[in-house]
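First the structure, in the form of structure tokens, and then the observations on it.
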Amino acid sequence: LSTSSFPLCMRHLHRALREQHHLRHGGRMQYGLFLKGIGLTLEQALQFWRAEFIKGKVDADKVTLASCAPVFSSGEEDVQ
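Each residue of the sequence shown is one higher than the last, beginning at 1 in full-length UniProt numbering.
Shown next, in the form of structure tokens:
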């Protein structure tokens with residue numbers, strides 16, 4: 001599928017993502033739903049987002065996800 005056949009709003013988001021490697025939350029939501037609508041599987045969409053968001057910043061193998069442990073343990077010091 002060529003970007004020239006994208007709706008104008010999605011073409012704009014696609015261009016911004018490719019140039020800046022970032023979209024604000026609303027743009028990510030809209031573009032993500034568009035990707036789903038054109039038939040990308042969840043795995044394909046995740047692969048696309050991972051590749052685009054880390055482009056030019058860090059090596060994908062060196063990306064570590066933040067832990068949620070501090071959030072779950074806040075206020076519950078004695079609970080294990």
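Every residue gets a Cβ at the ideal spot worked out from N, C-alpha and C, and that includes glycine.
Would you call the CB atoms of F53 and H14 closer than 8 Å? Not a contact, by the Cβ cut-off of 8 Å.
Mind checking which residues open and close the alpha helix (DSSP H) that includes F53? Its alpha helix (DSSP H) spans residues 42-53.
Nearest CA to the CA of L35: which residue from A16, W49, K55? Measuring from the Cα of L35, the nearest candidate turns out to be W49.
Mind checking L17: buried by the 16 CB within 10 Å criterion, or exposed? When all chains shown are included, L17 counts as buried.
Roughly how many whole angstroms lie between the Cα atoms of Q30 and S4? One Cα belongs to Q30, the other to S4, and the distance between them is close to 18 Å.
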